[in-house]
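In the UniProt record's numbering, the protein residues as written are 1 to 554.
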């Protein structure tokens, strides 16, 4: 079998962009915002040369790509590589094995993914159809989040004060804020359609800190794929998509010209305190071509605009019902290979906490003598100054990380009840070590410390099966009886429900160091992250390949 080579070049450069009547210089790839689409087919070898022309350190993550034995190309800074320094370059090389659908790429250092992101479109192998009616056209829809201020300054200031970062000024669709924001009607994403056609929207949430509801007035959406895995199609008015997730939907237009245009709206889902997130709505416009007009590009500007109704901002039951309906196809061609037996079980608490202020300092955390923090099993992860994967591969892990990440909370408490008095969390660079091939069950338990919030957790290097979810505290005796081990949804990013838990299973069949973190960037900055170290197996094809010669140095 000959690998098809897909080559691309990414020039990371500063570009002047104007949004909301305000101009600023932002970090882009090839001067584009959002960045260019990476196209490939299942089975291809992708080679991307990234050249860093900006004053910031840079690294690119290929979100959702399995990276089998190619962990050096995964991209998170200080986890699998040192960042690409200003004036330097690095070639990311990886095969796309057993995957097809929509994924995405983004910067994976500090908050630079605010503007450094773009779609990855993986088509099936030649001659292999979609397991649903082929659409007439495919369109990427990327949600983003826009700050008028410099996002690097926003997070830097928040980390200095210990307080929450300033919230964004707008959400965007394909980089455009649209008509509901100040002086942005000219910057509106328009989806121009014809009657009686089917369009596949490849939807990606690239927002930094917000889960989003999305709906199109007067049209239903059929969800056929999440995180580049086919599902049993479900037809809905509204989808929910967390940062890091992708969702392919089929949009079938009305059989004849409707004499109206339709808003496509996205707005946040959050149970956090008001004022701690951007509570605005972004609109794009669905426009039908007018058949009565002689001009081939005729769109009537004077039609009524219809608006969809989105769920309430904190509608947690909508979110639970929607995510509970997602099921793997589980067919002979696309099986759901759920681990039935479990070798290693873990319970991780995920949530917020505090660090004490510096001696005699005042901070802007939950109280004036604390700073905001976040943790997994009470460990707030500290990024090392050298890459974990390199330290592991060269056998120089001493002083870089310790292999004793707790498998369960060291001090159990009523996770979703009244929070404990002491909310301080520990710091550490700890990993879980797994033997090659182990089947893992992980229950992620949300806490109510500093408020119960949903946390979209992303695992690098793997897809996992979401075998169960619920509200309150996980019950290890009763809850596993309700697991779905037949056709659970398979994905790479899952929301841990607010004041609830989610159970996932995966096989540790990919040697390397794999980051797992909340995909709300503010929580990542506060330490809601950890890493898994999967050891080499016995066979040659179960071993991590050696690093490329141009791997960046710290």
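Cβ coordinates follow ideal geometry from the N, Cα and C atoms, glycine included.
Report the three-state DSSP secondary structure of residue i (helix, strand or coil).
| i | result |
| --- | --- |
| residue 528 | coil |
| residue 256 | coil |
| residue 155 | helix |
| residue 268 | strand |
| residue 219 | coil |
| residue 228 | coil |
| residue 552 | coil |
| residue 263 | strand |
| residue 390 | helix |
| residue 474 | coil |
| residue 520 | coil |
| residue 503 | strand |
| residue 318 | helix |
| residue 18 | strand |
| residue 300 | coil |
| residue 97 | coil |
| residue 160 | helix |
| residue 480 | helix |
| residue 243 | coil |
| residue 64 | coil |
Can you tell which of the options has its C-alpha closest to the C-alpha of residue i?
| i | options | result |
| --- | --- | --- |
| residue 153 | 111, 275 and 392 | 111 |
| residue 41 | 324, 59 and 123 | 123 |
| residue 281 | 133, 459, 146 and 258 | 146 |
| residue 136 | 340, 60, 387 and 249 | 249 |
| residue 256 | 225, 266 and 290 | 290 |
| residue 442 | 422, 483 and 451 | 483 |
| residue 70 | 78, 96 and 126 | 96 |
| residue 393 | 547, 138 and 374 | 547 |
| residue 303 | 263, 233, 331 and 311 | 263 |
| residue 133 | 233, 386 and 254 | 233 |
| residue 422 | 284, 449 and 113 | 449 |
| residue 529 | 517, 535, 540 and 536 | 517 |
| residue 44 | 8, 300 and 374 | 8 |
| residue 184 | 456, 22 and 253 | 22 |
| residue 505 | 237, 361, 463 and 91 | 463 |
At the level of alpha carbons, what is the spacing between residue i and residue j?
| i | j | result |
| --- | --- | --- |
| residue 88 | residue 364 | 37 Å |
| residue 397 | residue 325 | 43 Å |
| residue 10 | residue 119 | 13 Å |
| residue 370 | residue 207 | 28 Å |
| residue 149 | residue 28 | 16 Å |
| residue 241 | residue 317 | 15 Å |
| residue 395 | residue 35 | 37 Å |
| residue 198 | residue 544 | 43 Å |
| residue 511 | residue 503 | 22 Å |
| residue 51 | residue 411 | 46 Å |
| residue 493 | residue 293 | 45 Å |
| residue 358 | residue 140 | 46 Å |
| residue 312 | residue 478 | 31 Å |
| residue 58 | residue 74 | 13 Å |
| residue 201 | residue 180 | 22 Å |
| residue 467 | residue 226 | 16 Å |
Grab me the residues of residue i's own chain with a C-beta within less than 8 Å of its C-beta, minus the 5 sequence neighbours each way, in chain order.
| i | result |
| --- | --- |
| residue 33 | 15, 17, 26, 115 and 175 |
| residue 277 | 167, 209, 210, 268 and 270 |
| residue 160 | none |
| residue 333 | 131 |
Hey, would you say residue i sits closer than 8 Å to residue j, going by beta carbons?
| i | j | result |
| --- | --- | --- |
| residue 204 | residue 246 | yes |
| residue 354 | residue 372 | yes |
| residue 309 | residue 286 | no |
| residue 350 | residue 319 | no |
| residue 172 | residue 196 | no |
| residue 470 | residue 500 | yes |
| residue 379 | residue 413 | no |
| residue 432 | residue 533 | yes |
| residue 103 | residue 231 | no |
| residue 72 | residue 434 | no |
| residue 391 | residue 437 | no |
| residue 513 | residue 388 | yes |
| residue 48 | residue 12 | no |
| residue 223 | residue 239 | yes |
Could you confirm whether any beta carbon from chain C is found closer than 8 Å to the beta carbon of residue i?
| i | result |
| --- | --- |
| residue 490 | In the structure shown, chain C cannot be found, because there is only a single protein chain. |
Ignore the nearest five residues each way along the sequence and tell me which others in residue i's own chain have a CB closer than 6 Å to its CB.
| i | result |
| --- | --- |
| residue 46 | 6, 40 and 94 |
| residue 62 | 105 |
| residue 194 | 289 |
| residue 68 | 97 and 510 |
| residue 383 | 78 |
Spatial neighbours of residue i within its chain, please: C-beta separation below 7 Å, excluding the five flanking residues on both sides.
| i | result |
| --- | --- |
| residue 100 | 42, 122, 123, 124 and 228 |
| residue 165 | 154, 155, 158 and 522 |
| residue 424 | 353, 354, 355 and 356 |
| residue 452 | 271, 416, 446, 498 and 499 |
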